[in-house]
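Quick notes on the structure that follows.
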Amino acid sequence: MSRSRGSYLPVVLSFVFLLACAGVFIAVATGSLPGMRGAGSGQEGSSEGSSELTAKAFSSYSWEELGSIADIIESAASEEEGLAAAREFGIVDDDGNVKECVRQVVFTDGSVGTCRAVGVLADEKADGTGKAALTFALTGLPKRAMNDSATCDGGWEASGARSWLSDEARSLLPADLAPRVASVLKATNNAGIASDASSITQTGDALWLFSASEIYGELTWFSQEYGDNPIYNTSYTDFGPYDQLISSEGSQYRYFAQAGVHDRESYAAVGELLGSSDECFWLRTPYPLHFSDADDGMFFQVMGSGYPSSAVAACQENGILAGFCL
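For our numbering, add 2 to where a residue sits in the sequence shown, where the first one is 1.
Structure (structure tokens):
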């Protein structure tokens with residue numbers, strides 16, 4: 003009995019349908035459908051996740067968005083790709099320079115401060131997981147003394163200002179910022195009175211004061227002040243080791259380096275960060291020389307103009323320029 007040609011049509015259509023379904027399954031599995039990003043597409047990295055964020059003015063980002071941006075930068079496969087992610091969100095320019103990323107910070111007591119990005123992938127996290135994505139400088143915190151008495155023993159590590167920043171000052175950070183702040187390693191002369199860089203040790207800090215070298219780069223302050231000639235009534239003849247000591251408390255941040263800040267030259271960018279304040283601000287760098295008991299217990303400071311002033315007694319009240327990282 004012969005079968006008509008039309009009787010084969012349902013079988014052929016069923017076979018075509020099965021082939022089409024198989025093709026769609028393979029396309030989904032490999033991510034080859036138009037608009038899909040497959041696991042092997044080579045499009046991960048800084049671009050992944052950026053679809054959930056839109057580049058905009060820095061001051062318009064929420065702390066939640068900045069935290070997500072920091073995650074993208076940190077998860078990049080290389081520092082170059084991390085900088086590319088920072089560029090995508092308007093934090094650095096094509097040359098890797100930090101852009102004018104400034105925003106207000108409303109503290110929990112109702113007062114208002116200002117923070118500015120000063121570095122990207124510049125600080126090592128204290129937990130050993132790599133570099134923190136973004137470093138900021140924060141003004142607006144209350145003035146305070148470095149220590150209750152005129153001592154620099156134990157340097158920054160043992161200072162009252164460090165304890166205050168880790169507790170009371172941190173509690174002033176807004177609720178959407180505080181839990182995102184990363185603890186990072188800070189190198190400092192934590193002996194106080196010292197003669198060489200062997201006194202440099204590291205602390206882990208969420209909020210911290212800037213060192214002289216982090217702002218001004220390589221320093222020659224002692225050579226400028228005392229030269230290399232013997233000084234009457236002292237045994238100091240070579241002040242080079244003291245310059246090396248104060249130059250060893252961390253690398254200069256990109257924001258200051260790109261602005262030409264060096265030693266006591268071109269310090270206008272520092273004054274801009276401080277907002278041209280009339281008050282001085284602490285640095286965490288102890289004054290390491292001992293001429294007499296009256297000279298002990300001092301830390302360096304920076305003037306409101308940005309000029310690095312001489313050291314002052316640790317018990318003196320001074321402004322706070324705090325650093326923190328996301």
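Even for Gly, the Cβ is constructed at its ideal location relative to N, Cα and C.
Pick from Leu85, Ile75, Gly84 and Ile93 that is closest to Ser61, judged by C-alpha positions: Ranking Leu85, Ile75, Gly84 and Ile93 by Cα distance to Ser61 puts Ile93 first.
The segment 193–207 / the segment 283–294 touching (three or more Cβ pairs under 8 Å): Yes, the segment 193–207 touches the segment 283–294.
Contained alpha helix (DSSP H) runs [length at least 4] in the segment 117–146, N- to C-terminal order: Here no run is fully enclosed.
Ala313: first and last residue of the uninterrupted beta strand (DSSP E) it sits in: Its beta strand (DSSP E) spans residues Pro310 to Ala315.
For Leu328, the three-state DSSP class (helix, strand or coil): Correct three-state label for Leu328: coil.
Classification of Glu50 by the beta-carbon crowding that lies within 10 angstroms, buried from 16 upward: Reliability of the predicted coordinates at Glu50 is poor, the pLDDT of 42 falling under 50, and no value is obtained from them.
Length at least 3, wholly inside the segment 181–224: the beta strand (DSSP E) runs in chain order: Runs of the beta strand (DSSP E) lying entirely within the segment 181–224 and spanning at least 3 residues, in chain order: 186–191 and 202–207.
Burial state of Gln303 (16 or more Cβ within 10 Å): By the neighbour-count criterion, in which 16 or more other beta carbons inside 10 Å mark a residue as buried, Gln303 falls on the buried side.
The segment 205–219 touching the segment 240–247, judged by at least three CB pairs closer than 8 Å: Touching, no, given that fewer than three Cβ pairs across the two stretches are closer than 8 Å.
Per-residue burial, Ser113 [other beta carbons within 10 Å of its own, 16 or more giving buried]: With fewer than 16 other Cβ atoms within 10 Å, it is exposed.
Straight-line gap, Arg172 to Ala180 (C-alpha atoms, nearest Å): Each residue's CA atom was taken as its position, placing Arg172 and Ala180 some 7 Å apart.
Spatial neighbours of Gly306 in its chain, beta-carbon cut-off 6 Å, leaving aside the 5 residues before and after: Around Gly306: Leu276, Ser279, Asp280 and Glu281.
Inter-residue Cα distance where the pair is Glu83 and Ile75: In this structure, the CA atom of Glu83 is about 8 Å from the CA atom of Ile75.
The segment 141–148 in contact with the segment 114–129 per 3-pair CB rule at 8 Å: As far as the Cβ criterion goes, the segment 141–148 touches the segment 114–129, which means the pair count is three or higher.
Other residues of its chain near Leu285: CB distance less than 7 Å, five sequence neighbours each side excluded: Counting only Cβ-Cβ distances below 7 Å, and skipping sequence neighbours, we find Leu211, Phe212, Ser213, Ala214, Phe301, Phe302, Gln303 and Val304.
Selected residue, minimal CA-CA separation from Glu333, among Ala160, Val104 and Asp150: Because the chain here runs from 3 to 328, residue 333 falls outside it and cannot be looked at.
Buried or exposed (CB count within 10 angstroms, at least 16 for buried), Arg266: Exposed.
Pair within 8 Å by beta-carbon distance, Leu323 and Val183: No; because the gap between Cβ atoms is not below 8 Å, this pair is not in contact.
Exposure label - Asn99; buried when at least 16 CB within 10 Å: So Asn99 ends up on the exposed side.
Limits of the unbroken beta strand (DSSP E) element including Arg286: Counted as a single uninterrupted DSSP element, the beta strand (DSSP E) harbouring Arg286 occupies residues Phe283 to Pro288.
Beta-carbon spacing of Leu187, Ala270 below 8 Å: Not a contact, by the Cβ cut-off of 8 Å.
Gly299 and Thr203 closer than 8 Å at C-beta: The Cβ atoms of Gly299 and Thr203 do not sit closer than 8 Å to each other.
Contact test: Gly84 Cβ vs the ligand NAD heavy atom, cutoff 7 Å: You won't find the ligand NAD in this model; it holds no ligand whatsoever.
Whole-Å CB distance - Met148 paired with Gly162, under 8 Å assumed: At roughly 7 Å, the Cβ-Cβ gap stays under 8 Å, so Met148 and Gly162 are in contact.
Three-state class that DSSP yields for Phe302 in the structure shown: Reduced to three states, the DSSP call for Phe302 is strand.
For Ala193 and Ala59, the rounded distance between their alpha carbons: Ala59 and Ala193: Cα-Cα distance of roughly 43 Å.
Given Ile71 as reference, the closest of Asp155, Tyr255 and Ala134 once Cα atoms are compared: The shortest C-alpha separation from Ile71 is found at Ala134.
Distance between Gly130 and Tyr63 (C-alpha atoms, nearest Å): Approximately 28 Å between the Cα atoms of the pair.
Per-residue burial, Ala57 [other beta carbons within 10 Å of its own, 16 or more giving buried]: Of the other Cβ atoms in all chains shown, fewer than 16 fall within 10 Å of the Cβ of Ala57; this residue is therefore exposed.
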